[in-house]
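Take a look at the structure below.
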Amino acid sequence: MNKKEYVMRIVKPGLASLLAILFFQCGNVVFGQITAEDIKTRMWGNSDPDKALMEVPGKWKDESAVILFKSESYEYKKQSMSAKVNDDIYFHQRIKLLDKAAVLGFSEFTFGEIDDVAYGRDGVFMGVKVIKPNGAERPINIRKAVQMQSYKNSKETRKANGGYNKLAIPDLEIGDILDYYYVIISTHNAQTGNRYEFDPVFLTLPSKYPIVKGRLSILPERKCFINISVSNGAPKQVLQSIGKKDYYVIDYGDIEKSKGTHWNYPFRDQPTIKFQIVISGTGFPESEKYFLGEYETPKSNVSKEEFHKLLKIIVKRPSVKVKMETVAIKFIKGQLP
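For our numbering, count along the sequence shown from 1 and bump the result up by 991.
Okay, structure coming up:
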């Protein structure tokens, strides 16, 4: 009998139920309640080292708009004593508007539902403010957004389930800086055996507008494996301690605007970053662990030995062996006269 089983046996049923309820409620307080103010402090706090970046390089003065700073942070974590995993995305951008087209294009935002508090830990948060050339800041009240109906057809005769929000950004002028963030806090249940594969992320650095400075941050915590690849001149990740946590950071800058996709394949031609996080515990077949490397340590290359070892494991599986035999027989029959 382990310690946990022993403790539960000596506690009376009524008290055990009470303790379970208290543990559940405390868990909600510790893990569940994330407020809009918490997010605002993180995204717009005084610790932002690039807050003073307000000028556009001379070579881009004729552009419609220029992104002064762009930050994307992807944070993953397996919760302690739980099969749940955290999957959080923090996006923050400051863009300077240089002509009427940009002012018109950014005069309104459309978005889905947002939250004031994320109960159960899941929530979506957003913040928008306008920074004037003299440094004065004007926050935009997100709650003044107007709810709009979505439709299934262009004639707007068939309503779709749900809708979206439209937020006007009044009194925008040429020379203003639009500073906004969008944050998604989410939780997933890991698959059987505490294993979860997050969707792979593909990012090309160039955007619709030139970028003065940008940063991609990846935080893999507690039983996280990370596979990452950079190509076409994208900088490599660097381990950096931020607060009490270790992030893998890719800093970049002086990025010209995207050439568009006409006769151009971005993942082949433009600086690109690809990564995927896998959370996995022990007890899996050896084939499941190949190409994952070490916990919380990026793996960017695969050796021939790893390929050979994985191939041997795969071909030994009965289902694969039968399929290979079927394909081989079909091929041989096709060669006969």
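Even glycine gets a Cβ: it sits at the ideal position worked out from N, Cα and C.
Note down, in chain order, each residue of its chain lying with its Cβ closer than 8 Å to the Cβ of residue i, except the 5 sequence neighbours on either side.
i, result
"E1236", "Before going further, note that residue 1236 is Lys rather than Glu in the sequence given. Cβ neighbours of K1236 beyond the five flanking positions: L1210 and E1212."
"G1126", "M1045"
"P1191", "K1265, F1266 and Q1267"
"K1150", "Q1140, S1141, Y1142 and K1143"
"I1160", "F1097, S1098, E1099, F1100, V1119, V1121, I1131 and L1169"
"L1158", "E1099, F1100, T1101, F1102, V1119, I1131, I1133, K1135, A1136 and V1137"
"Y997", "Residue placement at Y997 is poorly supported in this model, since its pLDDT is 32, which falls under 50; the coordinates are not used for a value here."
"G1036", "none"
"V1108", "Q1024, I1025, T1026, A1027 and G1114"
Would you mind reading off the limits of the alpha helix (DSSP H) that contains residue i?
i, result
"S1310", "P1309 to Q1326"
"R1033", "A1027 to W1035"
"K970", "Shown here, the chain extends from 992 to 1328; a query on residue 970 therefore has no answer."
Leaving out five residues on either side along the sequence, give the residues of the same chain with a beta carbon under 6 Å from the beta carbon of residue i.
i, result
"D1090", "S1055"
"Y1238", "S1208, L1210 and Q1231"
"V1229", "V1240"
"H1083", "M1034, S1062 and Y1172"
"P1262", "L1196, N1223, G1224 and A1225"
"P1124", "G1166"
"K1271", "The residue asked about is misnamed: residue 1271 is Ser in this sequence, not Lys. Result list for S1271: R1186, in chain order."
"K1069", "V1076, R1213, K1214 and I1270"
When you compare each of the options to residue i by their alpha carbons, which one comes out closest?
i, options, result
"N1180", "F1189, Y1172, Y1173 and V1174", "F1189"
"I1176", "P1257, G1284, D1106 and N1037", "D1106"
"R1259", "I1320, T1195 and I1270", "T1195"
"F1100", "A1043, Y1173 and N1152", "Y1173"
"D1029", "Y1067, N1156, F1116 and P1040", "F1116"
"E1104", "R1033, I1233, G1154 and K1303", "G1154"
"G1049", "V1203, R1308 and W1035", "V1203"
"V1293", "F1282, K1075 and M1072", "F1282"
"Y1243", "P1309, S1198, Y1187 and W1254", "S1198"
"I1246", "L1059, N1037 and D1053", "L1059"
"Y1081", "K1303, T1032, M1315 and K1321", "T1032"
"K1248", "I1219, S1073, D1053 and R1308", "D1053"
"D1079", "S1073, D1162, S1071 and Y1067", "Y1067"
Who are the Cβ neighbours of residue i in its own chain at under 7 Å, not counting the five residues just before and after it?
i, result
"G1284", "F1216 and K1290"
"D1170", "R1085, K1120 and I1122"
"W1051", "V1057 and P1201"
"L1095", "none"
"A1319", "none"
"A1092", "S1055"
Checking the sheet assignment: what are the DSSP bridge partners for residue i?
i, result
"G1126", "G1126 pairs with nothing; no bridge assigned."
"M1117", "Y1173"
"G1154", "Q1140"
"G1205", "K1061 and Y1243"
"V1306", "DSSP, once it has assigned bridges, lists no residue as partnering V1306."
"A1159", "E1099"
"Y1238", "Q1231"
If you follow the beta strand (DSSP E) that residue i is in, where does it begin and where does it stop?
i, result
"A1056", "A1056 to K1069"
"V1269", "T1263 to I1270"
"E1099", "E1099 to F1102"
"D1260", "Not the beta strand (DSSP E): D1260 falls in the alpha helix (DSSP H), residues P1257 to D1260."
"L1230", "V1229 to I1233"
"R1085", "K1075 to L1088"
"I1219", "C1215 to S1222"
"F1189", "Element bounds for F1189: n/a, residue is neither H nor E."
Compare the C-beta of residue i with all C-beta atoms of chain D and state if any pair is closer than 9 Å.
i, result
"K1091", "Included in the structure is just one protein chain, with no chain D present."
Does the region 1297 to 1308 come within contact of the region 1213 to 1233, defined as at least 3 CB pairs closer than 8 Å? The answer is no - the region 1213 to 1233 does not touch the region 1297 to 1308, with fewer than three Cβ pairs under 8 Å.
Check whether the region 1058 to 1072 touches the region 1200 to 1210, counting contact only when three or more Cβ pairs, one atom from each stretch, lie closer than 8 Å. Yes: at least three Cβ pairs fall under 8 Å.
Are at least three pairs of beta-carbons, each pair with one atom in the region 1075 to 1094 and one in the region 1156 to 1168, less than 8 Å apart? Touching, yes.
Decide if the region 1130 to 1146 is in contact with the region 1106 to 1122; the criterion is three or more beta carbon pairs, one per stretch, under 8 Å apart. Two segments are said to touch when three or more pairs of C-beta atoms, one from each, lie closer than 8 Å; by this definition the region 1130 to 1146 touches the region 1106 to 1122.
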